[in-house]
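**Student:** Residues 5 to 160 in the working numbering are what the sequence shown lists, from first letter to last.
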Amino acid sequence: MRTISELYEYHLHYIYSAEIQLVEGLSIMASKTTNRLLNEVLEIQLEKTKDNKKALSKLVESYLESNREITCLMVQAYLQEIQQFINHATEEEVLNVGLMVETQRLVHFKISIYSAALYYTNILNYQEDTRILGEILDGEHQNLITVASLEKDQID
């Protein structure tokens with residue numbers, strides 16, 4: 005990579021890889037929880053992730069090197085950790101609370117990668133990309149509020 009534009013394109017592919025992997029991961033998490041509210045939150049997060057993937061697909065296709073193969077290793081490792089946690093959680097309450105915390109950690113990660121992408125789009129003055137990524141980031145901030153309130157309700 006020699007330019008900020010190439011760096012942004014790389015990051016965009018990285019986010020796209022993350023979202024692809026998270027579709028499967030969120031589906032697994034939703035299927036494992038026995039907490040009705042957490043299940044609903046995870047199902048909503050799953051649908052939003054599918055929407056994000058669709059929006060990102062259009063952005064990725066608009067760049068010349070859209071066939072670039074980049075794997076988000078952070079999400080790959082995260083999903084392995086989730087599976088390991090699920091395998092070790094023997095009590096229902098522990099599983100549900102742990103999945104709530106993991107969901108919050110996931111949303112924080114997504115906020116960080118979308119924030120970075122927005123930084124690049126602002127430098128490059130890519131207004132349409134900024135709008136699309138900004139809408140996704142706003143949705144992730146809302147997801148964080150939802151998950152945090154669910155955790156608070158669980159503790160109270």
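Virtual Cβ for every residue (Gly too), placed ideally from N, Cα, C.
Since we're looking at a predicted model, the values are computed, not measured.
By Cβ distance below 7 Å, which residues in the same chain neighbour A34 in space, the five residues on each side in sequence not counted?
**Tutor:** So the qualifying residues of the chain are N43, L46, E47, L50.
**Student:** Would you mind sorting A121 into buried or exposed? The rule is 16 or more other CB atoms within 10 Å of its CB.
**Tutor:** Under this definition A121 is a buried residue.
**Student:** Just mark Y20 as buried or exposed, buried being the case when its beta carbon has 16 or more other beta carbons within 10 Å.
**Tutor:** Buried.
**Student:** Whose C-beta lies closer than 7 Å to the C-beta of L4 among residues of the same chain, with five residues either side of it excluded?
**Tutor:** No answer is possible for residue 4: it lies beyond the span of the chain, which begins at 5 and ends at 160.
**Student:** Leaving out the 5 sequence neighbours to the left and right, which residues in its chain are closer than 6 Å to G29 when beta-carbon positions are compared?
**Tutor:** The residues are L83.
**Student:** Taking T125 and Y12 to be in contact with their CB atoms under 8 Å, please state how far apart those CB atoms are, rounded to whole angstroms.
**Tutor:** Confirmed, Cβ separation roughly 7 Å.
**Student:** For T107, count neighbouring Cβ atoms within 10 angstroms of its own Cβ and tell me buried if that reaches 16, exposed if not.
**Tutor:** Its Cβ being crowded by 16 or more others within 10 Å, T107 is buried.
**Student:** Classify Y130 as helix, strand or coil using the three-state DSSP reduction.
**Tutor:** In this structure, Y130 counts as coil in the three-state DSSP scheme.
**Student:** Grab me the residues of K54's own chain with a C-beta within less than 7 Å of its C-beta, minus the 5 sequence neighbours each way, in chain order.
**Tutor:** If we look at K54 and ignore the five residues flanking it on each side, its Cβ neighbours are V27.
**Student:** Take every Cβ of the segment 135-143, pair it with every Cβ of the segment 56-68, and state whether three or more of those distances are shorter than 8 Å.
**Tutor:** A contact exists between the segment 135-143 and the segment 56-68.
**Student:** Considering just the uninterrupted stretch of the alpha helix (DSSP H) at I8, what are its terminal residues?
**Tutor:** Taken as a continuous stretch (DSSP letters only), the alpha helix (DSSP H) holding I8 covers 8-36.
**Student:** Would you kindly report the start and end of the unbroken alpha helix (DSSP H) that includes E51?
**Tutor:** Run containing E51: 40-65, per the alpha helix (DSSP H) assignment.
**Student:** One question on the structure: do H17 and I74 come within less than 7 Å of each other, judged by their Cβ atoms?
**Tutor:** Yes, the pair counts as a contact, with Cβ atoms nearer than the cut-off.
**Student:** By the 10 Å Cβ neighbour count, where 16 or more other Cβ atoms means buried, how is E10 classified, buried or exposed?
**Tutor:** Classification of E10: exposed, given that the 10 Å Cβ count is below 16.
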